[in-house]
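Novice:
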Amino acid sequence: MKSLLKPDAIWTNTICILRIWVGIIFIWYGHNFFDTTKMQGFANFLDSYHIPFSQFSAYLSKTIEFFGGVCLVLGLFTRIACIFMIINMSVATFVTQRSDLFGDAIHTFLLLLICVVIFFSALDKFTLDRQIRSKIKKQ
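In structure tokens:
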């Protein structure tokens, strides 16, 4: 029990919880790519901001959110998924939400910050990345 309360253990467990929770959020927002009506609405939204290839961009964004979220929950390709999420949330925050950090963009900005923190943090022990890396080192 004492080892769970050490500062580095608390940090590691917090990163694990953040990674899984943010992954679930991204899966929830990204699952819309299965619904063509919602995707058309999202493409129209992107088109109103003059984002090129709005239909393609809508599917790309939601696909990145869904599969990136799955990767975060599993802890598989965590840093690669974070790179794509950081780019996606940067566009959402600074282009479509017009950098309104205390208004509409607060959610996308917080997701962006959490992805940056996860990217720069050490892999927690519950990631598949770490399991794979340890098996490779044993060989």
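Its first residue numbered 9, the sequence shown is counted upward by one per residue in the numbering used here.
All residues carry an ideal CB built from backbone N, CA and C; glycine is no exception.
Rounded to whole angstroms, what is the Cα-Cα separation between phenylalanine 92 and isoleucine 72?
Specialist: A direct Cα-Cα distance of roughly 7 Å separates phenylalanine 92 from isoleucine 72.
Novice: Sorted by chain position, which residues of the same chain lie with C-beta nearer than 8 Å to aspartate 81's C-beta, five sequence neighbours on each side aside?
Specialist: Checking the sequence, you will find valine at residue 81 rather than aspartate. Correct list, in chain order: Arg27, Ile28, Gly31, Ile32, Ile35.
Novice: Using 8 Å for Cβ pairs, my map puts phenylalanine 41 next to phenylalanine 74. What's the rounded Cβ distance?
Specialist: 6 Å
Novice: If you drop the 5 nearest sequence neighbours on each side, which residues of the same chain put their C-beta closer than 6 Å to that of isoleucine 126?
Specialist: In the same chain as isoleucine 126, and ignoring 5 residues on each side of it, the C-beta atoms closer than 6 Å to its own belong to Arg27, Cys90, in chain order.
Novice: Once the 5 residues before and after leucine 119 are set aside, which same chain residues still bring their CB inside 6 Å of it?
Specialist: Around leucine 119: Met97.
Novice: Which whole-angstrom value describes the C-beta separation of glycine 83 and phenylalanine 134, a residue pair presumed to lie in contact below a C-beta threshold of 8 Å?
Specialist: 6 Å
Novice: If you follow the alpha helix (DSSP H) that isoleucine 114 is part of, which residue opens it and which one closes it?
Specialist: 114-128
Novice: To the nearest angstrom, how far is the alpha carbon of lysine 145 from that of arginine 138?
Specialist: 11 Å
Novice: Within its chain, find whatever has a CB closer than 6 Å to the CB of leucine 54; leave out the 5 residues flanking it on each side and keep chain order.
Specialist: Ser62, Ser65, Ala66
Novice: Quick check: the Cα distance between serine 69 and leucine 131, rounded to an integer number of angstroms?
Specialist: Going from the Cα of serine 69 to the Cα of leucine 131 covers about 25 Å.
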